[in-house]
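In the numbering used here, the protein residues as written are 1098 to 1767. Beta carbons are placed, not taken as given, at the ideal position from N, Cα and C, and that holds for glycine. Below is one structure, written out as structure tokens; the observations come after it.
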């Protein structure tokens, strides 16, 4: 999401009872209108009204969800669920890829920096130790939109040396500290990696085979000294139904004329390449014909069609290049990528070539890259889990900047805002969401892909009652017959029942509710800001009575609180009685960040369960597989007893290109 020039014009009539407020703006949102409401439901909350630049967002490539596009009219949530946390700060690994800091292990090879002569350079170093702690958190926002959450003691490398996040000019707290006049040093923000889709695989094969193979009628032969590229080609061909012969480690052949013909069909130029195909093609042609050494990135070839397709794909993703023609008899020309290290890394992360040796940045000198100026430093007003790693160089590359010491997991989450009190009490409202949806659906490049709503933040949270962003969004989706799905805990969706029914007449509409349990006392403790389970199930009944089938995600199932037979049976019975078409159980998982917040709540509310949770979650974020299988089996048995058979969630029309059911991902339920 781009947040420049987002000030929302004041509207005296919308929402009723709103009064401008003056708390500091989060996320560096100059010109946003901050409002509070003098009603008990919104006590202590601030709403930041902005005019967004775009609203239909593509899911990052690293996401493990079955949908590609989302609409999120809000950032932040008034539901106040106690388990609403997740996020990752990405670390640059030695193979050129990235990994969340919380997943680093002792012995991992990553990039750090080291002074060599007159310059500080990127070098490969080793993670010597990792651990976590909890400290007061601050958010540093950079000009390119990157946000970094760290303790006040954390240090970043700036143009004037290492500086702490917070400090003082004098007294006992005197030390160098960041201001908005500083620029950080690093590679620039990391791009999300591609999804390994069918189109990506075909694009990669096209680049590798056309760039480096001998393909003629009835024959196919590909040789390479880089096993990583050949291994990927083998895997992608097998996925496409072709198993090649590999007489040597460095050679692939077709097993017969039929396989050669099948490979030829796989690498034909598409009439209308998709983004995934383009990304795969760029990765493949780079593995086949690319090089990157001494800071120079080139792709060489003599074929006009390959040169043209490579240039078109680069241009599609905003890269800049120079076509160099040395006038050789063989007509080999070179496409040289410009833009320095940030663009080279963006290419590697965005396309993900297989050959790691070509992705090395070791020995490259540090420079001021991109828009890394500090534009905001904010005290989040709460303590967060922070991750500390020790490396051989004493530093590492996190979210594209050079840093060391205690670092926080990035609080950007599937919930799309900070954790804890900041997430619950500060909500960004994209007041122009409806008009943006209509504009983007009408754009020639939009192909009617399914979109998912409620996957990051509940679009029917309490704030929707005042801002009414969903009706114009639904009307636009209806008018363009664009398939969509909604996941919610809110009963406010019933307000829009007429629009949902109209949309279901022209496209596929998937509806899902989250109901983890029906115990009212537990609901008040765990999900105080959501409608009660009974009210949610009443909404399910009203939706199904209106001809809109609804699936229920029984999530999260809480160990020791809602996982006993009596609780499961009561919940499934209520779900079945409400007319749901399916039920899917998801036991609680506690990723780093969520783990600490939930543990604090559990120790306060149910201290006798702390030992059990320590045992269940001793190995990580998820309960043991045996426990998960047991809970799932008991829920299925209860579903059979109550005549509820598992079906496709929210399937009420069979329209091509329909949105898939929501992922079995607990945090997408909030």
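Leaving out the 5 sequence neighbours to the left and right, which residues in its chain are closer than 6 Å to residue i when beta-carbon positions are compared?
i: residue 1428; result: 1399
i: residue 1217; result: 1210, 1463
i: residue 1334; result: 1341
i: residue 1476; result: 1235
i: residue 1672; result: 1649, 1680
i: residue 1411; result: 1418
i: residue 1588; result: 1628, 1632, 1636
i: residue 1491; result: 1501
i: residue 1317; result: 1351, 1357, 1360
Return helix, strand or coil for residue i, following the three-state DSSP convention.
i: residue 1620; result: helix
i: residue 1501; result: strand
i: residue 1322; result: coil
i: residue 1557; result: coil
i: residue 1199; result: helix
i: residue 1669; result: helix
i: residue 1432; result: strand
i: residue 1305; result: helix
i: residue 1099; result: Because residue 1099 carries a pLDDT of 30, less than 50, the predicted location of this residue cannot be relied on, and no value is offered for it.
i: residue 1465; result: coil
i: residue 1686; result: strand
i: residue 1222; result: strand
i: residue 1444; result: helix
i: residue 1698; result: helix
i: residue 1653; result: strand
i: residue 1238; result: strand
i: residue 1729; result: helix
i: residue 1717; result: coil
i: residue 1528; result: coil
i: residue 1587; result: coil
i: residue 1244; result: strand
i: residue 1149; result: coil
i: residue 1663; result: helix
i: residue 1296; result: helix
i: residue 1250; result: coil
i: residue 1570; result: helix
Compare the Cα-Cα distances from residue i to each of the options and report the closest residue.
i: residue 1654; options: 1686, 1374, 1202, 1418; result: 1686
i: residue 1299; options: 1345, 1380, 1245, 1258; result: 1380
i: residue 1538; options: 1551, 1338, 1578, 1549; result: 1578
i: residue 1233; options: 1226, 1246, 1241, 1242; result: 1246
i: residue 1397; options: 1384, 1681, 1715; result: 1384
i: residue 1408; options: 1304, 1154, 1143; result: 1304
i: residue 1215; options: 1573, 1461, 1524; result: 1461
i: residue 1449; options: 1413, 1301, 1652; result: 1301
i: residue 1394; options: 1401, 1382, 1663; result: 1382
i: residue 1370; options: 1542, 1660, 1616; result: 1542
i: residue 1201; options: 1225, 1446, 1389; result: 1225
i: residue 1683; options: 1662, 1528, 1561, 1652; result: 1652
i: residue 1438; options: 1452, 1459, 1314, 1426; result: 1459
i: residue 1664; options: 1705, 1639, 1620, 1700; result: 1620
i: residue 1547; options: 1413, 1296, 1611, 1582; result: 1582
i: residue 1274; options: 1447, 1145, 1259, 1378; result: 1259
i: residue 1401; options: 1390, 1413, 1389, 1420; result: 1420
i: residue 1415; options: 1357, 1699, 1447, 1536; result: 1447
i: residue 1145; options: 1564, 1239, 1615; result: 1564
Thinking residue i and residue j are a contact (beta carbons under 8 Å), I'd like their distance in whole angstroms, please.
i: residue 1418; j: residue 1404; result: Contact doesn't hold; Cβ gap of about 11 Å is too wide.
i: residue 1456; j: residue 1205; result: Not confirmed; about 16 Å, so no contact.
i: residue 1279; j: residue 1526; result: That pair is no contact at about 31 Å.
i: residue 1207; j: residue 1227; result: With 8 Å as the limit, residue 1207 and residue 1227 do not qualify as a contact, their Cβ atoms being about 11 Å apart.
i: residue 1168; j: residue 1550; result: 5 Å
i: residue 1497; j: residue 1244; result: Not really, about 11 Å apart at Cβ, beyond 8 Å.
i: residue 1494; j: residue 1203; result: Not quite, the Cβ-Cβ distance comes to about 18 Å (not below 8 Å), so this is no contact.
i: residue 1768; j: residue 1637; result: There is no way to answer for residue 1768, as the model of the chain reaches only from 1098 to 1767.
i: residue 1359; j: residue 1339; result: 5 Å
Counting only the same chain and skipping the five closest in sequence on each side, list residues whose C-beta sits under 7 Å from that of residue i.
i: residue 1321; result: 1309, 1327, 1347
i: residue 1465; result: 1256, 1280, 1282
i: residue 1575; result: 1596, 1599, 1600, 1603
i: residue 1702; result: 1622
i: residue 1570; result: 1168, 1170, 1530, 1531, 1534
i: residue 1086; result: For residue 1086 there is no data in the structure shown, the boundaries of the chain being 1098 and 1767.
With a threshold of 7 Å (Cβ to nearest heavy atom), would residue i be considered close to the ligand SAH?
i: residue 1267; result: Looking at this structure, you won't find the ligand SAH or any other ligand, since it has none at all.
For residue i, I'd like the list of residues in its chain whose CB is within less than 8 Å of its CB, leaving aside the five on either flank, ordered along the chain.
i: residue 1272; result: 1261, 1264, 1265
i: residue 1740; result: 1673
query: Which whole runs of the alpha helix (DSSP H) in the region 1325 to 1410 are 4 residues long or more, in chain order?
result: 1354 to 1363, 1372 to 1386
- prompt: Can you list the beta strand (DSSP E) stretches of 3 or more residues lying completely in the region 1598 to 1647, in chain order?
  reply: 1606 to 1611
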